[in-house]
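Notes follow the structure.
Number of protein chains: 2
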Amino acid sequence: MVDSTPRQRNRTEMLRLIRAGQGVTRADLARSTGLSRSAVQAIVSGLLSESQVSELEVEEKGPGTGSGRPGTLLVAVGDPVAGIDFGHNHLHVAIADSFGRLIGDRRIEIDVDLAAEEAMNAAAELLSTLRAEHDVTRLQAVAAGIPGPVDLASGLVQSPTILSGWVGLSPATELGRRIGVPVRIENDAALGALGELYGGAGRNHRDFLYVKASHGIGASLVLGGDLYRGGTGLAGEIGHTHLGGRTELCRCGNRGCLEAVVSVAAVIDQIAHTHPGGDRAAITLESFTDPITERILHESGRILGQVVSDLCNLVNPTAVIIGGELGAAGEAFVQGAEQAIRRYAQPATAAALVVRAAELGNRAELHGALALAARALV
Amino acid sequence: MVDSTPRQRNRTEMLRLIRAGQGVTRADLARSTGLSRSAVQAIVSGLLSESQVSELEVEEKGPGTGSGRPGTLLVAVGDPVAGIDFGHNHLHVAIADSFGRLIGDRRIEIDVDLAAEEAMNAAAELLSTLRAEHDVTRLQAVAAGIPGPVDLASGLVQSPTILSGWVGLSPATELGRRIGVPVRIENDAALGALGELYGGAGRNHRDFLYVKASHGIGASLVLGGDLYRGGTGLAGEIGHTHLGGRTELCRCGNRGCLEAVVSVAAVIDQIAHTHPGGDRAAITLESFTDPITERILHESGRILGQVVSDLCNLVNPTAVIIGGELGAAGEAFVQGAEQAIRRYAQPATAAALVVRAAELGNRAELHGALALAARALV
DNA sequence: TCTTTTTGGTCAAAAAACGAACAAAAAAAC
DNA sequence: GTTTTTTTGTTCGTTTTTTGACCAAAAAGA
């Protein structure tokens, strides 16, 4: 608690509430803080005059409260924010207003894994282009997601087995220097979870598991309505769960890891194998939609679901949201996962659970980055 | 927030802080609430005059703050509390003062699984005997743990595959009627975690996994310093995780469940099998300490550890605490589990992790119940 | 021994929140 | 279509609450 005076404390608390929810009335604030409407009024009018918040003109007011005069919605005022999504071979940059509404975005193909410096330069350039294009002079905050574990305290990239070109770097510092705005770094799966939490399939869930199934498998937990990062910020590293009876060689050196069996590359290998004669390098997840491909996706989803079912028994989430390229590749993958989860999870746990593809698809991470940046300001 | 006036709010907050920590000074309160020492003084003197709290006479004051006058410790005043631990074939009841310090306890052997009514009658009687014995006329709260999932909202016993005699009952209501004091019901593993959190191996951890390995396998999560119950209160049901390549029949009807392979009964079966000629019914976990028994325990721990390692990758705890009869049965079991966890968990996750036997042994659940009862009062 | 640091305690002054009042805006009742 | 009910935003005098300054006490360090 850094605020010294009680007014400061209440002010901060209200600003937090206004920023957290999107569209809060003075009456809502009075209820959730326990203060009187008069006190709220005094503080809010202060915030208004400092233009920290503004009143929303829209006449939106859910009839949830029933009858009565509808309140005027308050929203936090702020400069635009930016989000950066480093994928394994793409880079996606976007700018949004302080509420997380997209202003513009750009995506390029680039080998992010190896050339860390290059990738960060490209990101800074792309962002700079976007800012010029949309006339965004000021940025409030930037958040970036990278496909690997990030140390919570130091901000350094952790695992030596993946992202070899990034290990030991501090992307937050590096990017911050290039962009000139403080940058927050997160694991990409964590950002995906945030994206779905604020504006996707997780909107109505307080406890869910987000699984990003792309070139690797990463997971992220939302517990009690908040991102859970684990004791040392490594929560969600399920990609190297050992599958019994499997011998596929994984890039980590072990055999039978989940992400050696279920990943974009593994699925494409299987597709290529069952569709001989084509060019392996030209095949994508969208190349075929025949029953054989469907079955490959379904079976891959089933394997993932079997692993996830054990995790659901431990965590008892109310939703499992499957993102990443495989989550967006079609119904078969998600259905396979759902089938396995329902089959192997405890009946009561499975009954309280929905399995969904990420609503935001492969843009979940980007939207999560924007949301995080918009909410990063204390 | 039910308190209307700001003084009420601050008062409640301070009472909560005093109850949560054991031994807090006025200066501590000022720091953690952000209020001035004067305001704290006013509120605390009010609490003292209402004898809601009292000053601890002991001159204990850790020199952690360095030099300066030591503060006087405040503790919450309250009536004694009781805890009840229903095991699969035992019943353990205890009374403690409002700080959770044991006043007295009693344990009897009883088949809890089948005869719910009988077990609850026995618990009420035992508690009544204890109260008479230690001259405890007033009880503030009671908490009870049962070896099965409890629905958070309704308080009803859930799973139909275990605790067949308890399904559909509301033990909180039933016990409350018999005892005459509000009773709080929790899953036993959750109580074990609480016991270790407040006064055991979890004291210095904010994120840990507690595993109770007795007749079944149950787990419980402490995340961010608080018990995590899951989206619908079913978190920790890992007993029926499917083990690849195993075919042991489980009481749930499936084959190859973790608790069909690793449990007190399964271990004793193996001991009996390797020590022929004895009476199967007379064997306990303590009957033999020879290398063969050690190896059986070690191997059972290893199987448990393999399952737990996947869970650690998801949750990234800083400790795994192993309780239950197997956790207390000797070093071999816990060592086997630790070995497997270190072998199969992500290196960075394993490095941030300690694996420990429950310090409170098979009394962890009971102490957790007492702690919960002592803290249940808002 | 003397200084420094931290704590518990007191009181007037300042700050903050409350409660009561009123107008406004919508839904519900008539 | 009008009236009633409900909920909200807004203002202001009153009351409550907190602060800030001050002092004595109790330890640790010079």
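Chains as they are written, first to last, in our numbering: chain A, 1 to 378; chain B, 1001 to 1378. Just so it is clear, CB atoms sit at the ideal spot from N, CA and C, and this is done for glycine as well.
C-alpha gap between residue i and residue j, whole angstroms
| i | j | result |
| --- | --- | --- |
| VAL264/A | MET1120/B | 55 Å |
| LEU1047/B | GLY236/A | 45 Å |
| SER214/A | LEU223/A | 23 Å |
| PRO149/A | GLN158/A | 6 Å |
| LEU234/A | GLY155/A | 12 Å |
| PHE1288/B | THR1274/B | 11 Å |
| LEU1175/B | ASP1097/B | 20 Å |
| GLU1259/B | ALA1266/B | 8 Å |
| GLY83/A | ILE1296/B | 53 Å |
| LEU1029/B | GLY1068/B | 17 Å |
| GLY1368/B | GLU248/A | 44 Å |
| GLN8/A | VAL1053/B | 29 Å |
| ASP1279/B | LEU1285/B | 14 Å |
| ARG1131/B | ALA1337/B | 40 Å |
| GLY381/A | CYS1250/B | In this structure chain A extends from 1 to 378, so residue 381/A is not present and cannot be described. |
| GLY1071/B | ARG1026/B | 7 Å |
| PRO317/A | LEU1227/B | 15 Å |
| ALA1358/B | GLY1305/B | 15 Å |
| ALA144/A | ILE271/A | 33 Å |
| ILE238/A | LEU1126/B | 47 Å |
| VAL1378/B | ASN1010/B | Bear in mind that the predicted position of VAL1378/B carries a pLDDT of just 40, short of 50, making it too unreliable to give a figure here. |
| ASP1079/B | HIS1205/B | 29 Å |
| ILE292/A | GLY21/A | 45 Å |
| ALA351/A | CYS312/A | 11 Å |
| ARG138/A | PHE1099/B | 55 Å |
| GLU1365/B | LEU1221/B | 14 Å |
| GLN1346/B | GLY324/A | 22 Å |
| ILE268/A | LYS212/A | 17 Å |
| THR5/A | LEU1035/B | 8 Å |
| GLN449/A | ASP3/A | A query on residue 449/A cannot be resolved here, the shown segment of chain A reaching from 1 to 378 and no further. |
Nearest-angstrom beta carbon gap, residue j and residue i [assumed within contact, 8 Å]
| i | j | result |
| --- | --- | --- |
| VAL381/A | VAL355/A | Outside the displayed span of chain A (1 to 378) sits residue 381/A, for which this structure offers no information. |
| LEU1243/B | ILE1322/B | No, LEU1243/B and ILE1322/B are not in contact; Cβ-Cβ is about 18 Å, not under 8 Å. |
| LEU360/A | GLY200/A | 5 Å |
| ASP1207/B | GLY218/A | No, ASP1207/B and GLY218/A are not in contact; Cβ-Cβ is about 19 Å, not under 8 Å. |
| SER51/A | VAL77/A | 6 Å |
| ASP1105/B | HIS1088/B | Going by Cβ atoms, the distance from ASP1105/B to HIS1088/B rounds to 19 Å, so no, they are not a contact pair. |
| ASP310/A | THR1349/B | ASP310/A to THR1349/B, Cβ: 16 Å. No contact. |
| ALA374/A | ARG184/A | Between ARG184/A and ALA374/A the Cβ distance is about 11 Å, and since that is not below 8 Å, they are no contact. |
| GLY1301/B | VAL1334/B | 6 Å |
| LEU1056/B | VAL1044/B | So it is not a contact: roughly 13 Å between Cβ atoms. |
| LEU152/A | ARG229/A | 6 Å |
| ILE108/A | HIS134/A | Not confirmed; about 17 Å, so no contact. |
Cross-chain neighbours of residue i in chain B, by beta carbon under 7 Å
| i | result |
| --- | --- |
| VAL349/A | It should be noted that the sequence gives Thr, not Val, for residue 349/A. Those within 7 Å of THR349/A in chain B are LEU1234, GLU1237. |
| ALA219/A | LEU1314 |
| ASP3/A | GLY1034 |
Chain A residues whose Cβ lies nearer than 8 Å to that of residue i
| i | result |
| --- | --- |
| ALA1352/B | GLY231, THR232, LEU234 |
Beta-carbon neighbours of residue i, restricted to chain A and to distances below 7 Å
| i | result |
| --- | --- |
| ALA1153/B | Chain A residues near ALA1153/B: none, gap ~11 Å exceeds 7 Å. |
| TYR1198/B | The contacting residues do not exist; TYR1198/B stays about 18 Å from chain A at best. |
| ARG1009/B | GLY34 |
| LEU1223/B | LEU223, TYR228 |
Partner residues on chain B for residue i, Cβ-Cβ distance less than 8 Å
| i | result |
| --- | --- |
| ASP207/A | GLY1230, GLY1231 |
Note to self: Against chain A, which members of the segment 1233 to 1258 of chain B pass a CB distance test of less than 8 Å?
What the structure shows: GLY1233, LEU1234, ALA1235, GLY1236, GLU1237, ILE1238, HIS1240, THR1241, HIS1242, LEU1243, GLY1244, GLY1245
Check: Of all the beta strand (DSSP E) runs that stay within the bounds of the segment 169 to 231 of chain A, which reach a length of 3 or more residues?
Finding: 183 to 187, 208 to 213, 217 to 223, 226 to 228
Next item on the list: Using a Cβ-Cβ cut-off of less than 9 Å, give me the residues of the segment 1304 to 1321 of chain B that come near chain A, in sequence order.
Entry: GLN1306, VAL1307, SER1309, ASP1310, LEU1311, ASN1313, LEU1314, VAL1315, ASN1316, PRO1317, THR1318, ALA1319
Next item on the list: Tell me the start and end of each unbroken alpha helix (DSSP H) in the segment 1248 to 1315 of chain B that is at least 4 residues and wholly inside, in chain order.
Entry: 1258 to 1261, 1264 to 1274, 1291 to 1315
Item checked: beta strand (DSSP E) runs contained entirely in the segment 34 to 94 of chain A, provided each spans 3 or more residues -> 53 to 55, 74 to 76, 81 to 86
Item checked: Residues, ordered as in the chain, of the segment 1123 to 1157 of chain B that lie near chain A by beta-carbon distance below 8 Å -> PRO1149
Notebook entry, point to check: Just by C-beta distance, which residues in the segment 1331 to 1350 of chain B are closer than 7 Å to chain A?
Noted result: TYR1344, GLN1346, ALA1348, THR1349
Item checked: Inside the segment 1092 to 1162 of chain B only - alpha helix (DSSP H) runs reaching at least 4 residues -> 1116 to 1134
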